[in-house]
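Per mature numbering (1 follows the signal peptide of the UniProt record, and there is no 0): the sequence shown = residues -20 to -1, 1 to 1001. Positions of the beta carbon are idealized from the N, C-alpha and C atoms, including for glycine. Accompanying notes for the structure given below.
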Amino acid sequence: MKRLALFFLTLMMGLGWAVAQNRTVTGTVVSSTDNEPLIGASVVVVGQPTIGTTTDFDGKFKLSVPANAKKLRFSYVGMQAQEHDIENVMNIVLSDSKDLDVVVVVGYGSGQKLSTVSGSVARVSGEKLENKPVANVMDGLQGQVAGMQVETGSGDPNAVASVQIHGNASLGAGGSPLYIVDGVQTSAGVVMAMNPSDFESITVLKDASSTSIYGARAANGVIVITTKRGKLNQDGQISVSTMYGVSSLISRRPFEHIMSAQELLKYQMKHRVSQNDGLVPGSEFLKGFKGTAFAGEVDADGNYTGKVLREYDWLNVFMGKHAPTFQTDMSIAGGSDNVSYYVSGGYFSQEGISAETSRYRKFNIRSNIDARVKEWLRVGMNVSGGLVQQEASSFQGSAYVNSGTFAALTIPAYYSPFVKDANGNDMNEYARYIRLHKSYPVLTNTTLYLPSVANETSLSKGTSYRLNASGYAQLRPIEGLTLKTQAGIDMIFGRDQRLVYPENPDVNGLGFNRQSYDNSNTLTWTNTAEYKFKVKEDHDFTALLGQEFVDNRSEGFTAMARGLRNRDYMFLGHGQLGSFLVRPSQSSSAYAYFSLFARLNYTFKDYMAFDVTVRNDRSSRFGRNHQAATFFSVGAMYDFLRSGLVDDKGLISTLRLKANYGTQGNSSIPLYASEALTGTINYTEELAFGVTSIGNPNLAWERQGMFSVGVDYGMWDNTLTVDLAYYNRKTTDMLMNVPLPYSTGYGARWQNVGAMTNQGVDLTLQYNFLRLKDWNAYVSATFNYNDERIDKLFSDKTNKEGYAVTNIMKYNVGKPIVYHIPVFAGINENTGKQMWYDKDGNKTDVYSSDLRQDIDYARISAPISGGVSMGVTWKNQLSFNMDWTYTLGAYSLNNDRFFLENNVYGFSMMNRSKKLLDEWTEDNPKGTVAKFGEDLVFDTRLLENASYLRLKNIQLAYTFPKTLLGSQKIISGVKVYVSSRNLLTFVDKSYTGFDPEAGGGVSLNAFPNTRQFVGGLQLMF
């Protein structure tokens, strides 16, 4: 009994001693700018980083700390970290980080303080991409990063945005940046299919110091996406959000320049009668016809009066739909002492504004789990999956099933798109087709099929399943040494289906079924060893060694059946044999990379930093003689304020100079471009097997050398910050598919030829001009100027004379890619003929291809781009934000105008441009349009300045204060918002197209961009 009593006494004393070793600390963490609570601020025991917590929705925390603990460290993103002696109750006020010591991922390893990075790095919060009513997640980055152009030139929800960093650096190899998601390489298509609500941050690496660590794949910049994760010792936080919006046509600008129905009839009657084509006598031309498409006014005797009874809006027929967009997301995040988690799911659906089927849907799930198994071991796994469904009709823009903006522009407005009753009156229903007769202003009897025909008789549907999974193990065997292995797999399985039913007018009763299947698996395995150490307290070193292996295997299969006569039996096995037989096709491909890399960072007292990077890549894409290449970079940074050379007098709060030089590679060329390929060819109506292309065993990496120097400057406690950088990007050994003489029997061969340079300036400004207790306001701006120049082409002849890529574009040494077309010189007042300037500056009305000249002022790529953002918040409850984007200097060639302004008989049945009302005649010798019958030429008349300023996004949001939520314990936060995308666009007066965001190049039958209005709700639990 005594022993039992002694045992309990000892146990109670032990428990009391254990309790005495810990004490509970409570408190709050708020912001100095507005005294509002900081949610998710980190509270950690100094010297014992495994003991900590985060603040809740009210900025409160509660932490049990050991008795021997002396200090707590408080930190929050964008704020200066603070350390304080431990007290039972602690109320902490954090100030904005004067030095912006945000840790950014610049390629492998544990990250680096932004203030010590020698390269050009831009970090964008994931919030910029949330709640945007577009399928493409990159759209929200437009105008946010200096030097990065993001263009969504189409309103088709299935379209992928174009992303370029510091211009186009190659004439043959690909120009897209490398995408890294949580340390694993992926493609632009996969990023588009992701849920932007899962993004924590996006870091854009723009110069050699930050990109060379990625070697061969980093020539066009790197976009590093970090997804959200839970935090240790965090109560579960649940977020549910939903959004609904409506899309409509962004502009009717081209319709301001075409004839009214009455103007068109007058024009057509004039020229149809003048042709005296014998189809109908002039006196009988265009009488009123009941029950037909055309509605003309007739007098009491039944004679046509020359007036139109009705005018119809064909743009509304083809592009007038108010298309819905819907998105809903849910996420759960939290963590215990040793495990953190983030789990989410989302659904997005968007329809296109086209009358023909155009739809995009995606489903996403994600699970990010991190575990602290031991003090020296951490493991984690990221798993995301998705389903993407894309639909469209199979005949958008075909010759028979008319669709798109081109049809809307060219169909005469006096034709009715509606079904008519027995008396010839319009009914509230679109017709499937309308018949156009010779007695109408058309050349032949024909039938115009409307979009409903395409929707009913064809289908194009793509479905892809995606699985992206990665896992890591991180060991810290000794102080400062971190060993990490990470493996990831990116799996995509796709199916494309195209059905054209026998009722479709394009197939004469013989439908077809085309099925394609493909799958692609990319394995990435990365191993790194990072060692951080100090020498005499002031010298900080970080050494990194790594190895990476990338392996891709892809397979595809396509089969087709023709001659299908019954839409209920559209199976591959039901196709007819004989002339309808189509051979199935199969493909298989593979490529691999093996890389070794190293990086050394040195920092002295946080004001002087140096870094060196080297990487060796080996790729199967290149010739057996040149599969390996080595890339490197060196960089330096000096902080004048921290060094003491410059004192902080309020006027200067940040002053850093940084410079770097390095090399990268580009391997974005077709697979097996270095190999001689064989395949089937037709020979005397028999199939033969032969060489289809010749290889190049000496095909090597395209190389880039890049120099960059920049200044980071801050004023008035960093109320105003300026980041300015100059870069010079030189491409050599450029990869091009060089044309071969016809005598070789082959069209072209991939070679390392040519060189080009991109140089320019990046500028980023931010001014937090209002910092009061309840009010905060800011304005930020980005600016980029990029000068593109070709330095060398593929032969001495092309170096002297240039190379015409097409009939309208040309490569010239010493210039960017330019238009190469005749320069219009006006109309000859005596003859009514068109005139052009020859190369000596003389006018001529005799056209020849020799009249083509370089149009140096008309850049295909905009040399200037950027954006402006503004925001105001009140008590962290009410917020208003605007994002503007702009480009200057890009020109597009409007191919639609070639048809609308061609003043010849062959196009007279189409709708016409108002310009033709001022055609040259003997009575109008000063007409601005050539006489009837003069064929239009692709010349400078069709060039339009595609510069623009656009209000890309505008949002008004309200977060309910806690007092309005009452005493209930379930809902911790409510936010509502309304927003609009592409609300306003300002263009040059010369621009007559639908949307300048399509950029330079040829514009024909473009799918216009859209304007959206959206409302959303977010709940926190």
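Legend entry - Whole-angstrom distance between K287 and M239, CA atom to CA atom: A direct Cα-to-Cα measurement between M239 and K287 gives close to 14 Å.
Legend entry - Residue closest to T465, alpha-carbon to alpha-carbon, out of R494, L525 and N484: Comparing Cα positions, the closest option is L525.
Legend entry - Exposed unless 16 or more other CB atoms sit within 10 angstroms - verdict on Y549: Counting Cβ neighbours within 10 Å, Y549 comes out exposed, since fewer than 16 surround it.
Legend entry - Spatial distance of P157 from A198 (CA atoms): Using only the alpha carbons, I get a separation of about 7 Å.
Legend entry - Cβ distance (whole Å) where S177 is taken to contact G99 below 8 Å: Not a contact, Cβ separation roughly 29 Å.
Legend entry - Candidates K186, V982 and S324, of which the one nearest G201 by Cα: Put simply, of K186, V982 and S324 the residue whose alpha carbon is nearest the alpha carbon of G201 is K186.
Inset, instruction - Report whether the distance from the Cβ of A578 to the nearest heavy atom of the ligand MG is below 7 Å. - result: The model on display carries no ligand, and the ligand MG is accordingly not part of it.
Legend entry - Cβ shell of A656 (< 8 Å), same chain only, five flanking positions each side left out: Result list for A656: V671, S673, I674 and G675, in chain order.
Inset, instruction - Determine the closest residue to N640 out of L750, M128, T593 and T634, with distance taken between C-alpha atoms. - result: Of L750, M128, T593 and T634, the residue nearest in Cα terms is T593.
Legend entry - Per-residue burial, A728 [other beta carbons within 10 Å of its own, 16 or more giving buried]: Around the CB of A728, fewer than 16 other CB atoms lie within 10 Å, so the residue is classed as exposed.
Inset, instruction - Out of S613, N596 and I951, point me to the one whose CA is closest to H606's CA. - result: Checked all of S613, N596 and I951; the closest Cα to H606 is N596.
Legend entry - Own chain residues within Cβ distance below 7 Å of D863, not counting five before or after: Result list for D863: G123, G847, S849, K932 and N933, in chain order.
Inset, instruction - Answer with buried or exposed for Y722, where buried requires no fewer than 16 other C-beta atoms within 10 angstroms of its C-beta. - result: Taking all protein chains shown into account, Y722 has fewer than 16 neighbouring C-beta atoms within 10 Å of its C-beta and is therefore exposed.
Legend entry - For D36, three-class secondary structure by DSSP: Looking at D36 - three-state DSSP - the assignment turns out to be coil, as it is neither helix nor strand.
Inset, instruction - Please classify N435: does DSSP put it in a helix, a strand, or coil? - result: For N435, the secondary structure class from DSSP, reduced to helix, strand or coil, is helix.
Legend entry - S568 burial status per 10 Å Cβ neighbour count (16 or more: buried): Around the beta carbon of S568, fewer than 16 other beta carbons lie within 10 angstroms, which makes this residue exposed.
Legend entry - Residues sharing a beta bridge with L868, DSSP: In the DSSP assignment, L868 is bridged to I844.
Legend entry - C-beta atoms of I203 and F179 nearer than 8 Å: A distance of 8 Å or more separates the beta carbons of I203 and F179.
Legend entry - Rounded distance between the beta-carbons of F887 and P234, thought under 8 Å: About 16 Å; that fails the 8 Å criterion.
Inset, instruction - Would you give the residue range spanned by the beta strand (DSSP E) that E781 belongs to? - result: Where E781 is concerned, there is no enclosing beta strand (DSSP E), although the alpha helix (DSSP H) it sits in stretches over D776 to E781.
Legend entry - Reduced DSSP secondary structure (H/G/I, E/B, other) of L955: Checking the sequence, you will find Lys at residue 955 rather than Leu. Residue state, collapsed to three classes: strand.
Inset, instruction - Express the C-alpha separation of G694 and V626 in angstroms, rounding to a whole number. - result: Taking the straight line from one Cα to the other gives about 13 Å.
Inset, instruction - For D119, collect the residues of the same chain with a Cβ closer than 7 Å to its Cβ; drop the 5 residues on either side in sequence, then sort them by chain order. - result: So the qualifying residues of the chain are K112, V130, T132 and A141.
Inset, instruction - Could you have a look at F537 and say whether DSSP puts it in helix, strand or coil? - result: DSSP places F537 in strand when its eight states are reduced to three.
Legend entry - S364 versus I345 - alpha carbon distance: Approximately 6 Å between the Cα atoms of the pair.
Inset, instruction - Report yes or no: do the region 851 to 863 and the region 894 to 901 share at least 3 C-beta pairs separated by less than 8 Å? - result: Output reads no: the region 894 to 901 does not touch the region 851 to 863.
Inset, instruction - Take R412 as the anchor and find which of L430, T35, N883 and V954 has the nearest alpha-carbon. - result: Nearest in C-alpha terms to R412, of all of L430, T35, N883 and V954, is L430.
Inset, instruction - Kindly confirm or deny that the region 863 to 877 and the region 838 to 847 touch, where touching means at least three C-beta pairs closer than 8 Å. - result: By the Cβ criterion, the region 863 to 877 is in contact with the region 838 to 847, since at least three pairs of Cβ atoms, one from each stretch, lie closer than 8 Å.
Inset, instruction - Assess, as a yes-or-no matter, whether the region 777 to 792 is touched by the region 742 to 755 under the definition of 3 or more beta carbon pairs within less than 8 Å. - result: Because the criterion of three Cβ pairs below 8 Å is not met, the region 742 to 755 and the region 777 to 792 do not touch.
Inset, instruction - Compare the beta carbon distance of N116 and M172 with 8 Å and say whether it is the shorter of the two. - result: Result yes, Cβ atoms of N116 and M172 sit closer than 8 Å.
Inset, instruction - Can you say whether P677 is buried or exposed, counting buried as having 16 or more other CB atoms within 10 angstroms of its CB? - result: Burial check for P677: the Cβ neighbour count within 10 Å stays below 16, so the residue is exposed.
Legend entry - Check whether S623 and Y587 have beta carbons under 8 Å apart: Yes. Within cutoff.
Legend entry - Extent of the continuous beta strand (DSSP E) run through V718: V718 -> beta strand (DSSP E) spans L715 to P719.
Inset, instruction - Compute the Euclidean distance between the alpha carbons of T737 and N717, then round it to the nearest angstrom. - result: Taking the straight line from one Cα to the other gives about 19 Å.
Inset, instruction - Measure how close the beta-carbons of N646 and L576 come, nearest whole angstrom, since I'm counting them as under 8 Å. - result: Incorrect: roughly 19 Å between the Cβ atoms, too far for contact.
Inset, instruction - Could you say which of S150, G89, G210 and G195 lies nearest to T33 if we only look at CA atoms? - result: Nearest of S150, G89, G210 and G195 to T33, Cα basis: G210.
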